[in-house]
Structures are given as C-alpha cells and as structure tokens.
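Number of protein chains: 2
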Amino acid sequence: MAQDRPMGARQICEVLRDQILGGVFGADGRLPSSRTLAQELGVSRTTVTVAYEQLLAEGYIEVRQGARPRVTVAGRAERAIKVAPVGARPLSAYGERIRAFSAPTRSDHKLIADFRYGDLAPSDFPSVLWKRAVNAALAHRGDRLAYDDPRGSYRLRAALQGYLWRARRLRCALDQIIIVNGSQQGLDLCARLLLDPGDRFAIENPCYAMARGVFASTGAMSLPLPVDRDGLVAEALAHVRARLAYVTPSHQFPLGGVLPVSRRHQLLAWARGQGAWVVEDDYDSEYRYDITPVPPLYGLDDSGRVIYLGTISKTLSPSLRIGYLVVPPDLRQVFATAKHLADRHAPLTEQEALAALIESGAYERHVRRARRLNGERRMTLLNALRGCFGDGAAIEGADAGLHLVLWLDLPPSCEAPLVAEAGRAGVGIYPISPLYDPQAGTLPDRVGLVMGYAALDARRIERGVQLLAEAVSRVRPAISTKPRPGFPGTAPALAPATRWN
Amino acid sequence: MAQDRPMGARQICEVLRDQILGGVFGADGRLPSSRTLAQELGVSRTTVTVAYEQLLAEGYIEVRQGARPRVTVAGRAERAIKVAPVGARPLSAYGERIRAFSAPTRSDHKLIADFRYGDLAPSDFPSVLWKRAVNAALAHRGDRLAYDDPRGSYRLRAALQGYLWRARRLRCALDQIIIVNGSQQGLDLCARLLLDPGDRFAIENPCYAMARGVFASTGAMSLPLPVDRDGLVAEALAHVRARLAYVTPSHQFPLGGVLPVSRRHQLLAWARGQGAWVVEDDYDSEYRYDITPVPPLYGLDDSGRVIYLGTISKTLSPSLRIGYLVVPPDLRQVFATAKHLADRHAPLTEQEALAALIESGAYERHVRRARRLNGERRMTLLNALRGCFGDGAAIEGADAGLHLVLWLDLPPSCEAPLVAEAGRAGVGIYPISPLYDPQAGTLPDRVGLVMGYAALDARRIERGVQLLAEAVSRVRPAISTKPRPGFPGTAPALAPATRWN
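Protein chains in written order, with the working numbering: chain L, 1 to 501; chain H, 1001 to 1501.
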C-alpha cells in the first residue's frame, strides 16, 4: 500500500470492499478497529471512520458498540458465480418479433452525392432564428423545473392549432393535439393503442417501411394495398377487413400520388363501415411545387376515425424529433395517458422555440424558403436525369416532396450490383424494393431508386447523376440495351402540363 | 361574392370546393369554363386555371381537352354522413388497460410552498453553462441534418461511459448505453421487451407509481414485495416466481433505504435462478448527504440479468427528458431496435450539450453544487419539522435524495381532509398512500407525506412546514392528541449517529 500521500476515506473504502469481496476477511472475519487501521495506514481515525460508515451503509459490514466491525457477506471466491443460460423465454413476444428487424446502419464513408431520403441540408436550416428562439426559451423558465403536460407545451399546441388551420385547413381543439418525438412516436402510439396481435392493418404497397414495421411489431398482420399514380387504390379496400389503415393521402410515399377526393370518401366510408381507424401520415405536405398543398383527409372525416400525423422533420430537421398527432375527441384521453407512460412528455425547450417561430410567422416564411430551395434542387435533379438518362429511365412522384422515384431500365437482378457500383463511384443510392411488402408478390420488374435531394447542392446533384448514369451503363446486361415501354405504374413526370379549356 | 379586391386562386379554389361539396354543381355537373369564370370574378384566366389545377389535383374535378371541368364527387348533401357508433373493440388490449390510468393534472394555483417531489429550483440550474453548451451544439452541425443512431449520440454515450465509471464505479461498453427520453422511456422499453400479458413482476411496495403503472400496462401482474429501512426485503423473493423485478437499491423510493450488499446478492441469486430480469432504477444516487454514493447493483451482476437506468431529471431538469439505460450485452441489439421503432432516437442538440458538460467536468461540478444546495434545503426542512412537530411526527429516508417521508400521528381517514386543509393554507402536500399497491393490503396505519424540497428556498420551506403543522392541528381528531410510539417501519431519522469503536 505504498502511497505518495495518505489515502482518503474513499480509497480506503474501495480497498476494503475489494478485500471483503476477495475473501480476505472470511465470511465471519472482523475488520481492524478504526484506531488500528488508522495507525497502519497513517491516516486520521476520522478518515477510517468515514470509510467504515460507507461500508456499513452498503451492507458490507455490521457494527456493535465496542466491537470491531464484522464482515457480513461472503467473499467473491466463495460465492458460486455462474453465468446462467439465458432463460427459455428471455424476451416478450414484442421483443421476439422485433428481433428480426435490422437496426439501421449508417456508413461514415464520405460520398460525392448521397441521395438518401430524409436528410436535409444544414444550409437550409434557419440557424439564426432557431438559436434566438432556443435562447429565449432557455431564458424564460418558470418558477420551477417540473414535468410538463404529457400532451406537450400549451404554447406549442396553441401555435400548431393556428398553423394547422392556416396551412392545412385543419380545424381541431387544443386538447386533440399531442406533441410526439417525431412522427415515428406518433405511429408507435397508434400501433400500441389501436392494434392487437392477430389484428390486420391495411397499408399502402409500397410504403414507408418504418410504418409497416411499427404496426407489424404489435403482432398484427399487414394487408398490402395497391398504389397507382393517384395513390392508394381505395377500391381495393372493398373486401378488406382490417382494424386500421395507414395512408399517405397528401403525397403517397414513395410513389408520389395525391389521393383524389373520391378515393378519400371511399376510404372514409370503409373506415366507418368497419369501425376501423385511419392513420393519415402528412409527412411532407409542405412541399408541393405545382399546386397549394391538398387539405388533409382529416378534414373530410365526420365520424372521428382519422388520426392525423404531422412532423417538422422535413421542414426544420429530423434530429429535433418533434412531431404532432391530431386525434379524434374520443381518443384524447387515452393518447395523453399513453404518451405519459411512454416518456412523460416531449422535451420542453425546443417545443417553446418552435412555438415562438410559428407565432412570429418565421416558421411559415422558412417553409416557403425551404420549398423554393428544394424546388430548385428538384429542377436540377430532373434536368440532370433527363440529360443523362433521356428515355432510358422514367421518373415518378416528382411533383411534391423531397424525393422522386427513378425507374431504370434494368432487371431486378441488377439492383445489388448497381448499389455497389454506385457506392464505389461515391454515389449513395437507395432501391425502392425494400418498401414493397415481401409477402405481396408485387415487386417491380425493374430497378427503382428513391432519390432524396434535399441535402444536396446543385453541383453534387449533377455530378451524382452523371456518376450514377455511368454506373448504370457498367452494370447493364449486354443483352438488353433498348428501353422497354411501359414502366410499372408510372408516367414520365416530364410530360407536358394539362392544357385548360 | 362582393370583394374589395380580386380573389386569388386559393380563395376561388376554396369557394368552388365548398360549392362542390355543397352539391351546387350536382354529381355530374360541370364547372364554368375558365374564361367564363375569370370574367365573372373579374380575375385573370391564369388565376382560375391555377384554382382548377388544384381542384384537379385534389380529385374534385376531372378534365378533358376542349370540355368544361366536370365534378367527380357527390355533394355533401347527398353523401350519407352518419357518426357511426364506435366499434365494440375500439382500442387494443393495451389501450383498454391504460384507460383506467389517470392522466396527471397540475393545478395552476400558486402555492406558498409546494412539496411536490420531482420539481427542481431553476436557480440551481447551471443556466450560463447550459446555454453555452446548447449554442455550441447548435453551431456544430455536421454536413447533413439526418437521423442519428437509435442508441443516441456517440459523443454523449462516450461521455456517460466515463461518467458512470467515475461517479458510479459502473463499467460498461459504449454500445450497452442507450439514451432514452427520461427514465420513464427506459422503463417503458423494459416493460415492452421483457413482459407479456399474464407474466408477473416483483416490485417494491411502496414504490414509484409510474414504474408500477408502466409494467402493469403490459398486462403483467404486480407482486408487491415488502420494504423496510434497508430497502427491499430480499428474503421475500424466496418463493416468488416472476419474470422481472424492479428495484431502487441505491435509495428506495419513497422510503429511502439503501439495499445492503447481502440483500443485493440474494436478489441477484434469485434472478439467476429464475432467469428473471432486474431493472435497477438509480434515479437520484447523486444525492447522498452522509456517505459517498453506493455503487449500483449492476456492478455485482455476473450473469447479465441487470438493466441499469439513470437520469438527469434530478440533477439538471426533468423537462430536458434525458435518461440512459445500460443493458446487458445480450440485450443491446433488441433495445436499440425498440428505441428505433419507438421514436428513432433522442433529440440531438441537448444530447450534445450534455456531452460537452460531462466532458469538461462541469456536470460533476454542478452535481456537487446541487448536492450542497439540496443538503442545505434538507437541513432547513429537518429543523423546521423538528421545531414544528417535535415528537408528533417521524421522519424516514432523509439521508439521501431530494425528498423525505413524514409520518404524522394522524389516522388514514385524515389524509384527504389534511390535503384539502393544507391546500387552502397554500401548501401542496402529497400523501404516500398512492405509492402502495392497493392489492397488497399493507396500507400504512397513519398519514404519511412524501415531501420534496429541491424546488423550494429556505423561507418557503419554513413557512410551509409552519402552515402544514397548523393544518395538521386543525384536522387532528379531538380523541387522539398524544403521539403513539412505533411508527410503521420507520425510525426517526434524527437519531444520533452511530459511534465507532
């Protein structure tokens, strides 16, 4: 125990603990008296006393007046420590179901152009405004740091209530709004509250894979429904029995269709008839480049069957993790309780900052600016694709959102080689095929790519498309060089606009 | 349609939409040609064209070259809109179970002293440091705004790994740490992954009610275990079969015991024998006023059965919503997947800010300062209680944490009148009885209060105790004025300290 300076109580305590566990004193052994140990270690008796207090509090020793402390636990050497085999049923049914899900991996590899959907450009972020709003929120704490309302900040819900009416023509009461940690938590709450194992849920095919995943994680079965250029084929619901339908009517993900009002009514009539819930994911309705955003399905619902889901992941940043549910009046209470049990409430500072941005009009100005910037990226991408691929590819779903689907004249077998080849060239591409339900047997007959462009500048977009085109030509099978007509369910988005009478 | 200025396309579109839904044009009716309508409204033809494009995109009309647009949907008058009765099984089993849970309510009533446990004083918050850290985090965005690792920021996990070793003697790998939205989300993930309906979970009685709630929400049954002044009576586990145990070994909530090491070993041996999981909630171990914090149970576990749960809700703020799990190696993957499905990941900025505070040592300095400030509050409260109640009350669990339990010499029937009377006097008090399992039949035989003091200054604490004592004397039944000996399971915390040999 050679020490440059006297040991502190903490060190003494640690050493004694190790000695106790190491069996130095034996199960019934006694520690030295505090006086003896103090002399041995060359420290004050108080120091030893503090160490003994700690060991007593932790239960390693017991003391009686006038006697030396006695060890109360068996040393590690005597305890039979075995790593028990993990039980036969270590995880819940939920845990077992999600075992198969792959956790996302993100390569750190720097790409020349990464067309990953969902990423945004930091240069679009209103840094100065946001910083000011966050600092104002940090300055205006109340008189207590306390847990907040599970539904979220009153101020943000009030701001969103106005925003939803102005931007989306959505009318709702303040207590129908629940702030969630991004739309994923909104989906998870819907899944937990509205689906049981063995239930069935109707879902667009292809669709947002994380939605299918979270609904399937309940043990419910997915019923994939076809999608055409107008979005969900609502007629297909006619003979479907399901407890819930998940839809993206403003902008079908990933194919881009806008659900016509007639189909919306069909969908709602189906929901009323079944007593089914409809989850409307309005994930990117801020980005329409041709027309003003289409009002949500929620506004057409007279029977309280639609749960509306919005997010700021596409307008401000996915890493802020703020989304919002608008739930029918009947479900207000149970959603608030579920949110409370799930994580009490969303973090407060950034809710307050967002509320301030919405109140001042800065959020909507930012959305307009982001729409303009992404509109420019979209045109750059469309022009680059047209220039590099000509008739050798078809584009779908480019009228709205932050991505488009590029259908290449390549058989599905070329998908993996193309991804690898593009990656080697420094281009990140993401096939559409994982968004199709593998059970449905409706995989596309060629390679389709979901191309997000919101994080890229013009130079990267153009260079990326050029490199992609070269990669395509390298993997194209020698036998088929002529583009085939009739891409699956698509129309070239570059067709001339409808002329009006 | 009297307008001060010409209508815009958006207004036109809205009016037409209302007219279509109002049945003005009939199901097969045609809209005016764009030229006619433009003349009628006194606007440019382009304006009308834009409105028609919108209606087309929304599916309200269809167009053919050379013909007037035709309405494609039935008017609202013709649609049979009925509010369908909510289905027989509107919510999932989970939803039905949590229906009974009450959502928290928080009165806006300003109190002279609110002894609510869990609140902190904003004056303790390291505002300048936090603001600087948040602003630094806002300034250092990467080259994309993108979804992050579901386990949380790499930087924060690395900082916590060091902190847990320094402060808690807890050794773990980086990928065993999962950042969650406060410890409540950690509990919820444990509940979902480790419990099925019909399972049983062992839990301290009394305990943190939100933990019992979230485990019970899975449909599992609670097995309440007795607690004495040393925390959980681990012997009681001997004949218990359960899949999971929830414990607060560092500081039993709410009674304050520190679980002795022998009981820790008993608990772990039980878990190994059963193949059961142990959830260790280390919610406030930073606050020990007598000894240095007791190392967690996690460190004694050799068989990978303990899930450790920490939080910054008691050191920085409950409204930041940051907590962390340390999971056994076997569970790393499934917890990461569950977090990903639940809400992708925790918000990034505040994770980065916290990481910076931990890296610089500022967090630990803050914890020491907060411990000192809360130690002063604790002494003020103990002195005030001693002064106002003397032997008429017993205090339990005051050695650690941010609360104590005050046992009053009042029968349980006085609880509600006392809460009301104290409230009228401007004092918020919180009975301990809801923390007992109502099924267990072990409700205390007198009124106990859980008194949090971390949000109060000395003046409020003293005034609050004085007002509380007056309220107690007003509700005390005339028959019993003499304090009875032997409060339930308690020892007066003001007893003289043990003397060492």
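In this text, a Cβ means the ideal position worked out from N, Cα and C, and glycines have one as well. Predicted model only: the values in this text are computed from it and were never measured.
May I ask you to report which of helix, strand or coil DSSP gives Gly452 of chain L? strand
Could you list which residues in chain L have their beta carbon closer than 7 Å to that of Lys1131 of chain H, in chain order? Asn135, Leu138
So, under 8 Å CB-CB, Leu381 of chain L and Val258 of chain L are touching, yes? Tell me the CB distance rounded to an integer number of Å. That belief does not hold up - the Cβ atoms of Leu381 of chain L and Val258 of chain L are roughly 20 Å apart, past 8 Å.
Using a threshold of 8 Å, state whether the C-beta atoms of Gly247 of chain L and Glu204 of chain L are closer than that. Note that residue 247 of chain L is Val in the sequence shown here, rather than Gly. Yes, the pair counts as a contact, with Cβ atoms nearer than the cut-off.
Alpha carbon to alpha carbon, how far is Ile1291 of chain H from Glu53 of chain L? Give it in angstroms, no decimals. 7 Å
Residues in the same chain with beta-carbon distance under 8 Å from His140 of chain L, minus the five sequence neighbours each way, listed in chain order, please. Glu352
Who are the near neighbours of Glu350 of chain L in its chain, counting only those whose CB is closer than 8 Å to its CB and skipping five residues on each side? Val134, Ala137, Leu320, Ile322
Residues in the same chain with beta-carbon distance under 7 Å from Tyr566 of chain L, minus the five sequence neighbours each way, listed in chain order, please. Summary: the structure shown does not reach residue 566 of chain L, with chain L confined to residues 1 through 501, and so no result is reported for it.
Candidates H:Val1306, H:Phe1201, H:Ala1211, of which the one nearest Leu1225 of chain H by Cα: H:Phe1201
Buried or exposed for Val1071 of chain H, please, with buried defined as at least 16 other CB atoms from any protein chain shown within 10 angstroms of its CB. buried
Give me, in chain order, the residues of the same chain whose beta-carbon lies closer than 7 Å to that of Ser303 of chain L; leave out the 5 immediate sequence neighbours on both sides. Arg272
Who are the near neighbours of Ala1211 of chain H in its chain, counting only those whose CB is closer than 6 Å to its CB and skipping five residues on each side? Leu1187, Tyr1246
Measuring only the C-alpha atoms, how far is Arg424 of chain L from Tyr324 of chain L? 39 Å
Boundaries of the beta strand (DSSP E) in which Glu350 of chain L is found, first to last residue: Where Glu350 of chain L is concerned, there is no enclosing beta strand (DSSP E), although the alpha helix (DSSP H) it sits in stretches over 348-359.
Let me check understanding here. Comparing Cα to Cα, which of H:Ser1102, H:Arg1241, H:Val1015, H:Val1294 lies closest to Arg1169 of chain H? H:Val1294
Residues that Glu1376 of chain H contacts on chain L, provided the C-beta gap is smaller than 9 Å: Simply none; closest approach about 18 Å.
Determine the closest residue to Ile1012 of chain H out of H:Ser1034, H:Pro1254, H:Ala1394, with distance taken between C-alpha atoms. H:Ser1034
Contacts that Val1214 of chain H makes with chain L (C-beta to C-beta distance below 9 Å): Leu341, Ala342
Could you name the residues that DSSP lists as bridge partners for Thr1311 of chain H? H:Gly1323
DSSP state of Gly87 of chain L, grouped into three classes? Only weak support is given to the placement of Gly87 of chain L: the predicted model assigns it a pLDDT of 49, under 50, and the question is left unresolved by the model.
Hey, is Pro1438 of chain H's beta-carbon within less than 8 Å of any beta-carbon in chain C? Absent from the structure is chain C; the protein chains it does hold are L and H.
Thinking C-beta only, is Val326 of chain L closer than 8 Å to Cys172 of chain L? yes
Bridge partners for Met1221 of chain H per DSSP, in chain order? H:Arg1200
Who does Ala1394 of chain H pair with in a DSSP beta bridge? H:Trp1407
Would you say Leu316 of chain L and Phe101 of chain L are within 8 Å of each other, going by their C-beta atoms? no
Any C-beta of chain L within less than 7 Å: which residues of the segment 1169-1199 of chain H qualify? Asn1181, Gly1182, Gln1184, Gln1185, Asp1188, Arg1192, Leu1193, Leu1194, Leu1195, Asp1196
For Leu16 of chain L and Pro69 of chain L, I'd like the C-alpha separation in whole angstroms. 12 Å
Just reading off the beta strand (DSSP E) that Leu244 of chain L is part of, what are its end residues? 244-247
Looking only at DSSP bridge pairs, what is Gly434 of chain L linked to? According to the sequence as given, residue 434 of chain L is Pro; it is not Gly. The partner list for Pro434 of chain L (beta bridge, DSSP) is empty, contrary to what the question assumes.
Need the endpoints of the beta strand (DSSP E) that Glu1280 of chain H sits in, please. 1277-1281
Say whether chain L places a C-beta atom closer than 8 Å to the C-beta of Ser1319 of chain H. yes
Listed from N- to C-terminal order along the chain, which residues in the segment 256-271 of chain L have their beta-carbon within a distance smaller than 8 Å of any beta-carbon of chain H? Val258, Leu259, Pro260, Val261, Ser262, Arg263, Arg264, His265
Backbone CA spacing between Leu1467 of chain H and Ala167 of chain L [nearest angstrom]: 52 Å
Return the first residue and the last residue of the alpha helix (DSSP H) that Val48 of chain L is part of. 45-58
Anticipated Cβ contact below 8 Å, Ala146 of chain L with Gly1118 of chain H, distance rounded: 7 Å
As an exercise, report each continuous alpha helix (DSSP H) stretch of at least 4 residues that is fully enclosed by the segment 109-160 of chain L, in chain order. 127-139
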